[in-house]
Each structure stands twice: as C-alpha cells, then as structure tokens.
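Working notes for the structure below.
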Amino acid sequence: MTQVSPGRQATSLFQELFGSGPAVLVSAPGRVNLLGEHTDYNGGPVLPVALERRTVVAAGHADRWRAVSTLDGVVVEVSPDRMEQGSWTAYLVGVVRALGRTGVNLRGANVVVASSVPMGAGLSSSAALTVALARGLTGLAGRKALPEALVEIAWQAEHDEVGVACGRMDQTVAALARPGYALLFETGSGTVTHVPYDGKIWLFETGVSHRLTGGQLNQRRQECEVALGLCREQGISAESLAEIGLEELPRLLRALPVPWSKRLRHVITETDRTRRAARALASRDLALLGRLLVEGHDSLRRDFQSSCPEADLLVESAVRHGAWGARLTGAGWGGAVLALLPPEKEARIVAELQEEFRKGFGRMPVVWATRAGGGVRSEK
Ligand code: GLA
Numbered sequence: 006m007t008q009v010s011p012g013r014q015a016t017s018l019f020q021e022l023f024g025s026g027p028a029v030l031v032s033a034p035g036r037v038n039l040l041g042e043h044t045d046y047n048g049g050p051v052l053p054v055a056l057e058r059r060t061v062v063a064a065g066h067a068d069r070w071r072a073v074s075t076l077d078g079v080v081v082e083v084s085p086d087r088m089e090q091g092s093w094t095a096y097l098v099g100v101v102r103a104l105g106r107t108g109v110n111l112r113g114a115n116v117v118v119a120s121s122v123p124m125g126a127g128l129s130s131s132a133a134l135t136v137a138l139a140r141g142l143t144g145l146a147g148r149k150a151l152p153e154a155l156v157e158i159a160w161q162a163e164h165d166e167v168g169v170a171c172g173r174m175d176q177t178v179a180a181l182a183r184p185g186y187a188l189l190f191e192t193g194s195g196t197v198t199h200v201p202y203d204g205k206i207w208l209f210e211t212g213v214s215h216r217l218t219g220g221q222l223n224q225r226r227q228e229c230e231v232a233l234g235l236c237r238e239q240g241i242s243a244e245s246l247a248e249i250g251l252e253e254l255p256r257l258l259r260a261l262p263v264p265w266s267k268r269l270r271h272v273i274t275e276t277d278r279t280r281r282a283a284r285a286l287a288s289r290d291l292a293l294l295g296r297l298l299v300e301g302h303d304s305l306r307r308d309f310q311s312s313c314p315e316a317d318l319l320v321e322s323a324v325r326h327g328a329w330g331a332r333l334t335g336a337g338w339g340g341a342v343l344a345l346l347p348p349e350k351e352a353r354i355v356a357e358l359q360e361e362f363r364k365g366f367g368r369m370p371v372v373w374a375t376r377a378g379g380g381v382r383s384e385k
C-alpha cells in the first residue's frame with residue numbers, strides 16, 4: 006500500500022478546497038514518553054521521545070475561520086468565541102485565543118490538518134496539533150516565535166481553554182525535540198537535556214481509546230494536590246510532590262491514607278526512576294532502562310491506578326518473551342504500550358505478543374515502531 010504523507014494530503018486538500026496552495030505548511034510530532042508519567046504536573050522529570058509520525062497544518066489567509074481535517078474532509082466554520090468541546094476544532098479555538106493574548110490577532114484563516122499520529126493512543130496527538138497550529142498561525146501573521154513561546158501557547162490552549170489539567174511535557178517535546186535524541190525535561194527547573202537515542206521504540210496500541218477530556222487525568226491531578234497538602238501537614242515544606250525525597254517516603258506512607266499515599270508513592274518513586282533511566286539511556290544500558298520501564302508500569306498499575314488489562318497483558322508478555330522492558334505510555338486508562346526489544350529478537354517477540362493479545366482480547370493490536378524524530382518545523 007502506498008502511503009501519502011500528511012504533508013502531501015494537507016497540501017492537495019487545501020488546493021482543492023481553497024483554489025491555491027497554502028501560505029504556510031508546518032508540522033509537529035506526537036510523542037512517546039519513555040518514563041516519567043504523571044510527574045510533569047508534580048514538578049518532576051519526564052523522558053519523552055518525539056515520534057516520526059507528525060501532524061501537518063496547512064494554512065492560508067482568510068477573513069473568517071474555516072477548518073478541515075483530511076479525516077473527513079468536511080469544512081467547518083469556526084468562531085474563536087465558541088468552543089465546540091469534543092471536536093478537534095476546540096484545539097484550534099484554544100490556540101487562536103492563546104495567540105490573541107500574545108498580540109497575534111488574525112481575522113481568520115483557512116486551515117487544513119492532516120496527521121499520521123493516532124488519536125486516543127496516548128501519543129499526544131493533541132500537542133502535535135496545538136504546537137503545529139501555534140507555529141503555523143504565528144507564521145501566517147508574519148511573526149516568528151521561539152519554540153519556548155510555542156510551548157506556552159499550545160499548553161495554554163489545552164490547559165486553560167480546552168480544560169485538560171495537563172503538564173507541559175507533550176508541548177515541550179513537540180517543540181524542542183531533535184532527531185536521534187530523547188529529551189530529559191526537568192519540569193521543576195525547566196531544564197531540558199537532549200539524550201542521544203538512535204534505537205527503535207516499538208508501540209503496541211491497546212485499542213482502548215483514551216481521551217484526556219474524559220476527566221481521569223484531572224481527577225489524578227487533584228488527588229496529587231491533596232496528597233501534597235497532606236504531606237505539608239506532616240511538616241514537609243516542598244513546593245511539589247517531586248521535591249520530596251525518597252527518604253521521607255516510609256514515614257509519609259504511614260501517615261497518609263489511600264488513595265493519596267499511593268499517588269504520592271508513584272510520583273516520588275517515578276521521579277527517582279526517571280532520572281536513573283536518563284542516566285541508563287546516556288550510558289546505553291538498555292537492560293537497566295528496560296527494568297526501570299517495567300517498574301514504572303507496575304507503579305502505574307498498582308499506585309497510580311491508571312493502567313488497563315490490555316496494557317498489563319502486553320507488558321507482562323513482552324517481559325516474558327525477552328523484551329528489555331515495556332510499559333504503558335502517556336496518560337493511561339488505555340492508549341499504547343511501548344517496548345524496547347533486542348533487535349535480534351524483535352520479530353519473534355512482536356509475533357508472540359500479537360498472538361497472546363489476540364487470545365486474551367479477541368483482536369489484533371496495531372503494532373509499529375519509531376525512532377526519535379524532530380520537533381516542530383516548516384515543511385517544504
Ligand atoms: C498527558 C498530559 C501530560 C502528562 C501525561 C502523563 O499526556 O498531557 O502533560 O501529564 O498525560 O504523564
């Protein structure tokens with residue numbers, strides 16, 4: 006099957022609908038998070054990698070807002086005053102409003118979106134979209150923005166406007182990633198370090214669709230805030246959960262009731278694991294990295310309670326068949342499992358996992374691999 010790239014799809018639909026080529030053509034990647042789950046809104050580190058799969062935005066000048074996705078080809082009239090929750094155009098409205106606050110005020114635009122990032126798979130199709138839109142619309146207004154400014158616009162669009170209580174991991178990697186590198190982002194200090202990684206990352210989609218607007222992420226974030234308050238009552242003076250040292254954990258676990266003690270244990274141990282994982286990656290110790298991924302998955306399953314049976318089966322089976330490691334990636338409650346596989350065993354492990362998943366759930370998971378891609382860019 007020949008696949009038309011999202012860039013070609015977006016350009017040709019734009020041409021067909023609006024009669025000329027787009028004025029700007031930009032793209033941003035989805036991401037797979039190696040480790041550091043639910044730490045970004047707790048002041049901790051994350052270790053994401055940009056996918057090779059991207060979302061492309063083609064945009065041209067217009068007096069009103071018209072938006073179309075190549076998924077259905079339906080042109081939608083959009084108004085920045087009205088947000089249609091549940092539609093992808095809510096993200097466009099969010100970006101337009103956030104841009105407005107920075108002084109970028111367009112009267113309208115024709116916008117075509119095409120993407121190869123799967124939706125609802127925990128691979129951040131939303132940040133790929135908002136970062137690409139932020140860059141594309143800034144360009145259309147004849148302005149330039151630093152990647153850090155795009156992160157802020159995209160984050161505000163999703164967090165303040167669409168109302169998802171996300172951290173800044175997804176937007177940061179979509180804007181700042183470099184091909185061939187993972188990104189260690191310390192959300193407490195804002196420090197970003199590029200860690201070389203030229204291997205493959207396998208993705209097994211559970212087929213359980215996860216939409217962040219579903220509310221579980223918001224609930225967990227609130228529980229983390231309550232947990233921090235309870236820790237302060239125990240004499241902890243930290244600004245965030247991730248600041249609390251591992252050595253405080255035994256005492257706090259005795260003092261805090263569930264579920265807050267579990268959320269706390271996840272964030273504190275995940276913070277430690279993620280920093281160790283970044284060091285393991287830097288020294289190319291994939292066996293150690295793999296073990297940390299599996300520990301991270303157990304912590305999500307047991308303590309953060311954000312896994313699902315499909316992901317648990319894939320992780321367990323990957324480890325049993327010789328993967329270095331595997332874990333549920335992204336917010337959770339569905340989405341995709343990432344696996345690091347020794348190249349000489351990968352074909353066999355993939356086949357075994359597909360078969361075990363089919364036996365367990367009566368259908369085949371979608372499986373593919375990526376290497377570390379680059380951040381937002383303009384397309385030729
Ligand atoms: C979603 C959010 C991120 C992060 C992850 C969980 O992807 O958008 O900010 O919180 O969940 O690690």
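Count the sequence shown with our numbering and you get residues 6 to 385, in order. From the three backbone atoms N, C-alpha and C, an ideal C-beta is built for every residue, glycine too.
- When rounded, the separation of the alpha-carbon atoms in Val381 and Leu181 is 7 Å.
- By the CB criterion at 8 Å, Arg368 and Gly212 fall inside the cutoff.
- For Ile158, no beta strand (DSSP E) run applies; the uninterrupted alpha helix (DSSP H) run containing it begins and ends at Pro152 to Gln161, by DSSP.
- In the DSSP assignment, Asn38 forms a beta bridge with Pro53.
- Short note on Asp303: C-beta not closer than 7 Å to any heavy atom of the ligand GLA.
- Membership of Ser74 in any alpha helix (DSSP H) is not indicated; the residue belongs instead to the beta strand (DSSP E) covering Trp70 to Ser74.
- Secondary structure remark: continuous beta strand (DSSP E) runs of at least 3 residues inside the stretch 197-228, in chain order: 206-210.
- Per the C-alpha coordinates, the member of Asp290, Gly220 and Asp308 positioned closest to Lys267 is Asp308.
- Here DSSP, grouped into helix, strand and coil, assigns Arg306 to helix.
- Rounded to whole angstroms, Arg353 and Lys149 show a C-alpha spacing of 48 Å.
- The beta carbon of Ala287 sits closer than 8 Å to the beta carbons of Val200 and Pro201 from its chain, once the five residues preceding and following it are set aside; these are given in chain order.
- Only buried fits Ser130, as 16 or more other CB atoms lie within 10 angstroms of its CB.
- Here the distance from the Cβ of His43 to the nearest heavy atom of the ligand GLA is below 7 Å.
- For Gly327, the closest of Trp373, Ala15, Leu291 and Arg183 by C-alpha to C-alpha distance is Leu291.
- A Cβ-Cβ distance of about 7 Å is found for the pair Ala114 and His66, placing them in contact under the 8 Å criterion.
- Using a C-beta cut-off of 8 Å, the stretch 134-143 makes contact with the stretch 152-167, since at least three inter-stretch Cβ pairs fall below that distance.
- Shown here for Asn223: same chain residues with a beta carbon closer than 6 Å to its own, the five before and five after excluded, namely Ala170 in chain order.
- Excluding its 5 nearest sequence neighbours in each direction, Glu384 has C-beta neighbours in its own chain below 6 Å: Gly12, Leu30 and Ser32, listed in chain order.
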